[in-house]
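**Student:** FYI, the numbering for the sequence shown is 6 to 160, going by my numbering.
Structure in structure tokens, see below.
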Amino acid sequence: MDIINYFSTHHAQLFYLIAGASFILELSVLGMSGPLLFFAIACVKTGVLIHLGLISGWESEVLTVGVLTALITLVLWKPFKNFQNSGGGRDTSSDMIGKQVPSVGEITQVEGHIRYSGIDWSAKLDSSSQNGTIEANTQCIITGVEGNTMLVKRI
């Protein structure tokens, strides 16, 4: 009962606890998808407002969390998603990059195949490639890797 009494008289600490639990859930379970992150930020800001004496009473505190969550989401959603989708660029760690290989069939900006080490690999043209396609049985060079697809250009 001491914990319930403590949080009923110290609202700011309750909001900090809720924010901490939300951050932990966001990072461990949801993998930084966003919703609980914005709620947690709103809980922290509400806790600060309570500490400063700017708001008091459960009704206004809960309303503040809701309004702040909506505002923070509106402001940060697009930058947050852009940050998540920025990626690290093309993979340059593969030992296949720089190898000369023959094309198995026609390779376009969307699809194609190359032969490397006795295996047919999915391939597509590198975005910097000037040509629209690479014909079958043409030597090309691997310039990058996207997942399991090789990026190639004509030699």
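Backbone N, C-alpha and C define an ideal beta-carbon position, used for all residues, glycine too.
Where do the ends of the beta strand (DSSP E) carrying S127 lie?
**Tutor:** Note, S127: beta strand (DSSP E), 124-130.
**Student:** Can the beta-carbon of S108 be found less than 8 Å from the beta-carbon of N142?
**Tutor:** Cβ distance < 8 Å, so S108 and N142 count as in contact.
**Student:** Please report the residue range of the alpha helix (DSSP H) in which L22 lies.
**Tutor:** Where L22 is concerned, the enclosing alpha helix (DSSP H) stretches over 16-30.
**Student:** Given A24, which residues of its chain have a CB within under 6 Å of its CB, disregarding the five upstream and five downstream residues?
**Tutor:** For A24, where only same-chain residues beyond five positions count, the Cβ hits under 6 Å are A45, C48, V49.
**Student:** Would K158 pass as a contact of C145 if the rule is Cβ separation under 8 Å?
**Tutor:** Closer than 8 Å, so yes.
**Student:** Which of the three DSSP states, helix, strand or coil, is assigned to S61?
**Tutor:** Three-state result, S61: coil.
**Student:** What residue range is occupied by the uninterrupted alpha helix (DSSP H) comprising T154?
**Tutor:** No alpha helix (DSSP H) holds T154; the beta strand (DSSP E) holding it covers 154-159.
**Student:** If we call anything under 8 Å between Cβ atoms a contact, is F85 one with G39?
**Tutor:** Yes.
**Student:** Please tell me whether T148 and I119 are closer than 8 Å, where the distance is taken between their beta carbons.
**Tutor:** Against a cut-off of 8 Å, the Cβ pair of I119 and T148 comes out as no contact.
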